[in-house]
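Numbering (our numbering), first residue to last: 79 to 394.
Built from N, CA and C at the ideal position, the CB exists for glycine as well.
Taking it in order: structure first as structure tokens, then the write-up.
And the structure:
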């Protein structure tokens, strides 16, 4: 599906036909001829349109004649709703700059970053100022990462509080889902940081002489580094938390087994005494009137003696 947007009175709006100052936004589903027609119209390699649709595509930039491609990874909610899958995944956005058009393409309809532009939630967005438009996509991609990281951290804290009173597998599976999300984030942020550093070094956008945009680009790189550092910190905390709770659960299981073993030993003492008097052979005091009481008292005494011994050894 192809949509065209242009700036009208400072706000983006849909237009029917593309012009030199329009933003062309491509999202699935596509007809069989849609992408080849766009590629032919703007003299693009078809790879510029198909590569960003691969969710495993790495962050990079590429130049082909007058066409430039930027692929940047962004976080989105996972569509798989199971405990074992990550909460967030990362998908690429393709940004294509040509002399005639500014094109974005992604495999995710209603992409949270691009939807901000479509819904006019941002000010001073003009596709005619292409370099600024690209930088604003970079900027809000970083903000999206930071927002998702904060949500994951809040969710981790809530799960930890539940784990204080529970040793169920459900909470540990939720922590594993958060860990998977953080792994996606770290890989994407590393790739995005490397991409931006290369673009800055090569002045890929041609903004070196524009002080405002150059400063904005540097701020975006700093914020990306901050997001990467946060993701690494949260990952380290989560790994330590999962290791600690794994040890706690294992220790609790060992204590439970130990207590059951001690109880079994205490109950075994009267069973041993009773088994002697259950044999069909003559036994001392078996004809006495108080034999049963003596056996009962002896069993109780020996059981308490064993308990006292275990208490003295601090096993109970």
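Cβ separation of residue 173 and residue 196, assumed to be a contact under 8 angstroms, to the nearest whole Å = That belief does not hold up - the Cβ atoms of residue 173 and residue 196 are roughly 15 angstroms apart, past 8 angstroms.
Helix, strand or coil at residue 178 [DSSP, three-state] = coil
With which residues is residue 166 paired in a DSSP beta bridge?
-> 155
C-beta atoms of residue 187 and residue 166 nearer than 7 angstroms | no
Starting from the C-beta of residue 178, find all residues in its chain whose C-beta is less than 7 angstroms away, skip the five residues before and the five after it, and write them out in chain order.
-> 98, 120
Thinking just about the alpha-carbon of each residue, which of 84, 286, 257, 378 is nearest to the one in residue 316?
-> 257
7 angstroms Cβ shell around residue 91 - same chain, five flanking residues per side excluded | 83, 84
Are residue 232 and residue 305 touching if we call contact CB-CB under 7 angstroms?
-> no
Express the C-alpha separation of residue 323 and residue 331 in angstroms, rounding to a whole number.
-> 12 angstroms
Residue 352: buried (16+ other C-beta within 10 angstroms of its C-beta) or exposed?
-> exposed
Give the single residue among 144, 127, 101 whose Cα lies nearest to the Cα of residue 283.
-> 144
Residue 186 in three-state terms, based on DSSP | coil
Where the alpha helix (DSSP H) through residue 82 begins and ends = Residue 82 -> not in any alpha helix (DSSP H); beta strand (DSSP E) instead, spanning 80-86.
For residue 205, is the classification buried or exposed, using 16 other Cβ atoms within 10 angstroms of its Cβ as the cut-off for buried?
-> buried
Complete beta strand (DSSP E) runs within the stretch 267-297 (minimum length 3 residues, chain order) = none
Which residues does DSSP pair with residue 89 in a beta bridge?
-> 86
Which value, in whole angstroms, describes the spacing of the CA atoms of residue 88 and residue 212?
-> 17 angstroms
In or out: residue 109 buried (at least 16 other Cβ within 10 Å) or exposed?
-> exposed
Indicate the three-state DSSP secondary structure (helix, strand or coil) for residue 212 in the structure shown.
-> helix
Please confirm whether residue 133 and residue 93 have their CB atoms less than 7 angstroms apart.
-> no
Is residue 104 closer than 7 angstroms to residue 183 when the C-beta atoms are compared?
-> yes
Please classify residue 135: does DSSP put it in a helix, a strand, or coil?
-> coil
Beta-carbon proximity of residue 252 to residue 264, cut-off 7 angstroms = no
What span of residues does the alpha helix (DSSP H) with residue 127 cover, start to end?
-> 125-128
When you compare only the Cα positions, how much space is there between residue 376 and residue 335?
-> 28 angstroms
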